[in-house]
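> I'd like to ask you about the structure that follows.
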Amino acid sequence: MNSQTVLVTGGAGYIGSHACVELLKAGYHVVVVDNLSNSKSESLLRVQHITGKSLTFYQVDIRDKQALTEIFDKESPTTVIHFAGLKAVGESCEQPQLYYHNNVFGTLVLTEVMSNANVKQLVFSSSATVYGESTFPQYTEDFPLGAINPYGRSKAMIEDILRDLYAADKISQTNSPWKIALLRYFNPIGAHESGMIGEDPNGIPNNLMPYVAQVAIGKLPQLSVFGDDYPTRDGTGIRDYIHVVDLVKGHLNAIQALNNHCFEAGGCKAYNLGAGKGYSVLEIIKTFEQVTGKLINYKISPRRTGDLAECFANPDLALKELNWKVEKDLHDMVTDTWNWQTKNPQGYI
Ligand code: NAD
Ligand code: UFG
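Taken in order, the sequence shown gives residues 1331 to 1679; the numbers are from this note's numbering.
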C-alpha cells in the first residue's frame, strides 16, 4: 500500500475525478484543490462512493497563494498532479487574458507554493495542441511546438516555465531538483465503467464524443461533421481517441517514474499519452450506432477553422519510460460514454 499524499488540482473535473479514483484505488491519500469553475463537488462524492475511500477537498482557486500555502502546510503532499485549467479553445480566442491568467498565472502561483514547501514532483496536464502543424500526422515528443490558439499557447508557455524551473535547479545544483512529467494528451473520451462519473460539458459540447452522445440521447437534433474533403481514408478528420481511464493510469505510472531512477537527478520531460492510431469522425459515428443501436442524425458541414486533417500520437516513449500503453479500445470508449450518458442524461445534478 502507498502512504504518499498526492495533491490534485482540478480534481473535481472530468479527467481529475477519474484520476482520483485510480489514486485512491492504488492507496494514495488524495487532496483535491478545485474552485468548481467547471465542475461540481458531486463528482467527488461519487469518486468516494466508487472506491469506498475518502479524500480531502478544498474549494480553493489555485491563484489564491495564501490559501494554497495553508493547504500545503497542513497536508504535506509529496507530489502534485496539476489538472486545474480552462480548456475551451473558442473561449480562449474570445477571452485570452482569462486563459493566460487562469492557466499560466495559476501555474506560477502553484509552483511558487510548491517551491516554498519543497514539494518538487509534478505531473502536468499538457495537450497535443502544443504541437505545430505537420505534414506527417504522427507526433513524437521532439516534434517542433507551435500552438495556434491562446488555450494551446497557455499550455506551451506552462511547459516552458516548467522546463526553466528545472534548468534553474541545475545551475544552482540544488539537492532537491524538480521532477516534472509533461503529459501531452491526445483526445480523451469515455467514462468510468460504473457510469457514475464522466464528462459533463457546460452547454452545447464543442468536442465530438459528447456531441454524438447528446444526439444519440435526443438532447441535440443533429451532428455537424466538419468537413468530408480532408485527405484521409474517408475524407473526415482523424484523431487519436484515448479512454479517460487509460489516460489517468498514465499519471500513476508517471508518479512512479518520478520516484524511480529515471528521474533520480531531476528532469522535466514530455510524454505523449495516446493510443498511437486514429479514428475518423465517420468511424466514431458508426461505432456509436453499433454500440447503442441508435442512428446518429448527422450532416456534412464545412471544415472547422483550425482543425487538422489527421493527428495521432507516437506513444513509444511513454511505453519505454513510463511503462504505459492503452488497454481499452474504441468499443470500450463508446460503451462507457453511452453508459454514463444514459445514467446521467442531465450530467451531475
Ligand atoms: P475540466 O474542466 O473538467 O477540469 C478542470 C478542473 O479545473 C475543473 O474542475 C475546474 O473547476 C478546475 N479549475 C479550473 N481553473 C481553476 C483554478 N484557477 N483553480 C482551481 N481549480 C480550477 O477539464 P478536463 O477535461 O478534466 O481537463 C483537465 C486538464 O487536462 C486541463 O488542464 C485541460 O486543459 C487538460 N486537457 C484536457 C483535454 C480534454 O480533451 N479534456 C485534452 C488535453 C488537455
Ligand atoms: N468534429 C465534428 N463535429 C463536431 C465536433 C468535432 O466533426 O461537432 C470533428 C473535428 O472536426 C475533429 C474531430 O471531430 O476532426 C475531433 O474534434 P474534437 O473537438 O473532439 O477534438 P479536437 O481534436 O479538435 O481537440 C481536442 C480538444 C483540445 C485538445 C485536443 C488535443 O478539444 O482541447 O483535442 O488534445 F487540445
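All C-beta atoms in this analysis are idealised placements derived from N, C-alpha and C, irrespective of residue type, glycine included.
Which residue from G1528, I1547, L1553 and Y1481 puts its Cα closest to that of S1347?
G1528
> Taking only runs that begin and end inside the region 1351 to 1429, name each unbroken beta strand (DSSP E) of 3 or more residues, in chain order.
Entirely contained in the region 1351 to 1429, the beta strand (DSSP E) runs reaching 3 residues are, in chain order, 1359 to 1363, 1386 to 1388 and 1409 to 1412.
> Going by DSSP, what residue range makes up the beta strand (DSSP E) through Y1461?
Y1461 -> no beta strand (DSSP E), and no H or E assigned at all.
> Closest to L1588 by CA distance: which of E1651, E1424 and T1465 is it?
Comparing Cα-Cα distances from L1588 to each of E1651, E1424 and T1465, the minimum goes to E1651.
> Mark H1591 as exposed unless 16 or more other C-beta atoms lie within 10 angstroms of its C-beta, in which case mark it buried.
exposed
> Below 7 Å CB to CB, which residues in the same chain sit around N1653 once its five sequence neighbours on both sides are set aside?
N1583
> For A1342, does the count of other Cβ atoms within 10 angstroms reach 16, so buried, or fall short, so exposed?
buried
> If you draw a straight line from the alpha carbon of Y1481 to that of S1464, how long is it in whole angstroms?
The straight-line gap from Cα to Cα measures roughly 19 Å.
> Using the C-alpha atoms, what's the distance from A1643 back to A1543?
Computed Cα separation, rounded: 25 Å.
> Beta carbon of M1487: closer than 8 Å to some heavy atom of the ligand UFG?
Not one heavy atom of the ligand UFG falls within 8 Å of the beta-carbon of M1487.
> Tell whether a beta-carbon distance below 9 Å holds between T1566 and L1612.
yes
> Looking at C-beta atoms only, is the number of pairs between the region 1455 to 1471 and the region 1426 to 1439 that lie closer than 8 Å three or more?
Verdict: no, contact absent.
> Going by the DSSP bridge assignment, what does Q1451 pair with across the sheet?
K1509
> Using beta-carbon positions only, say whether F1593 and K1509 come within less than 9 Å of one another.
yes
> Measure the C-alpha to C-alpha separation of G1623 and I1401 and round it to an integer number of angstroms.
48 Å
> My assumption, with CB atoms under 8 Å, is that S1456 sits in contact with L1416. Please give the rounded CB distance.
No, S1456 and L1416 are not in contact; Cβ-Cβ is about 14 Å, not under 8 Å.
> For E1613, report the span of its alpha helix (DSSP H) as first-last.
V1611 to T1622
> From what residue to what residue does the beta strand (DSSP E) around N1517 run?
N1517 to I1519
> Closer than 8 Å to a non-hydrogen atom of the ligand UFG - does that hold for the CB of G1482?
Yes, the beta carbon of G1482 sits closer than 8 Å to at least one heavy atom of the ligand UFG.
> Could you have a look at F1473 and say whether DSSP puts it in helix, strand or coil?
Here F1473 sits in coil by DSSP.
> If you run the structure through DSSP and keep just helix, strand and coil, what is A1639?
coil
> Shorter than 8 Å, the distance from the beta carbon of T1459 to the closest heavy atom of the ligand NAD, or not?
yes
> Taking the C-alpha atoms as reference points, what is the distance between G1683 and Y1571?
Outside the displayed span of the chain (1331 to 1679) sits residue 1683, for which this structure offers no information.
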